[in-house]
Each structure stands twice: as structure tokens, then as C-alpha cells.
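Notes follow once the structure below has been shown.
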Amino acid sequence: MSIQEKTRFTVGDLATQSGCKVETVRYYEKAGLMPDPPRTEGGHRIYSLDHLKRMFFIRRSRDLGFPVEQVKALLRFIDEPDHACGEVRGMAMLQARTIQEKIDDLKRLQKALTTMAARCKGGNYSIDDCPILDALFK
């Protein structure tokens, strides 16, 4: 049965189909990202295709580096559609700047490590003369 044919999911099905763990689904529920699903008479959660679509949205947002609170804000744009697209664009641009800052930081770290490694002769020299270890003390 394809995803489109299936309309009801257990928490395990939802986790599998969305590429998450069951614990992640439950975490997103507790964090307020997922609406409470209806329950069976036995108390088991039953999720819909809308829940699965929302999980895909959350996963993609998280993959793009949005923190949980910002994902919650993005979901409010869907749940309360009286917002303008420009608000979403602003969040996306802010996230892009945040990612660029992280990239810049990583490039600085890479340069520092490359410089340290270039000072090292390698081979069987004494560890007492290792310029990398010396640099880490500074």
C-alpha cells in the first residue's frame, strides 16, 4: 500500500514514513509542533496523512537548520494563514545569514588546523616537540 493509499498511521508507521524515530515524533508533539492525534478506544494514537505531511515539513525545516522555536513559528504561518509571505522570507534570510556565519567560523577553524598541521614535521619525532600540541596550549 502506498503512502497516498494509506490514511491512518500508528506512531511507528509515521516515524518510519517520515524518516524519524518514534521518540522524535513524541518530542515534536510535546514541543507543540504536532497537533494531538485522535486515539483509538485502546488509547493508541492514530495519525493522518496531514500529520505525515507536517512531519515532512518539520524534518525539512530542521534539515535546513531552523531551531525548534523557528519551526514552530513557520508552522504558525500555515495554521494561521493571515500572515504575509514576506514574513517567511525574512525568517529564511535570517537563517541563511546564521548558516553563513557558521560556515565562516568553520573556515577559520579549518585554516587554524591546517596551519598547525603544516608546522608539524610528522614522522617519528618526539611528541615533546609536537607543534600541534604546543599550539593547543596557547
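Counted the way this note's numbering counts, the sequence shown spans residues 2 to 139.
Don't be surprised by glycine CBs; every beta carbon is placed ideally from N, CA and C.
In this text, all values refer to a predicted model and were calculated from it rather than measured experimentally.
DSSP bridge partner residues for Phe10 (one or two, in chain order): Tyr48
Does the separation of the CB atoms of Leu75 and Met94 fall below 8 Å? no
Runs of beta strand (DSSP E) lying entirely within the stretch 48–78, each at least 3 residues, in chain order: none
Cys86 lies in the alpha helix (DSSP H); which residues open and close that run? 86–120
Work out the CA separation of Ala136 and Ala85 for me, nearest whole Å. Those two C-alpha atoms are separated by around 51 Å.
Determine, using beta-carbon pairs with one atom in the stretch 12–25 and one in the stretch 47–61, whether at least three such pairs fall under 8 Å. yes
Take His52 and list the residues in its own chain whose beta-carbon comes closer than 8 Å to its own, dropping the five residues that flank it on each side. Closer than 8 Å at the Cβ level, and outside the excluded window around His52, lie Phe10, Leu15, Met35, Pro36, Pro38.
What are the residues that DSSP puts in a beta bridge with Arg27? DSSP lists no partner for Arg27.
If we call anything under 8 Å between Cβ atoms a contact, is Ile104 one with Ala118? Cβ atoms of Ile104 and Ala118: not closer than 8 Å.
List the endpoints of the continuous alpha helix (DSSP H) containing Pro132. 132–138
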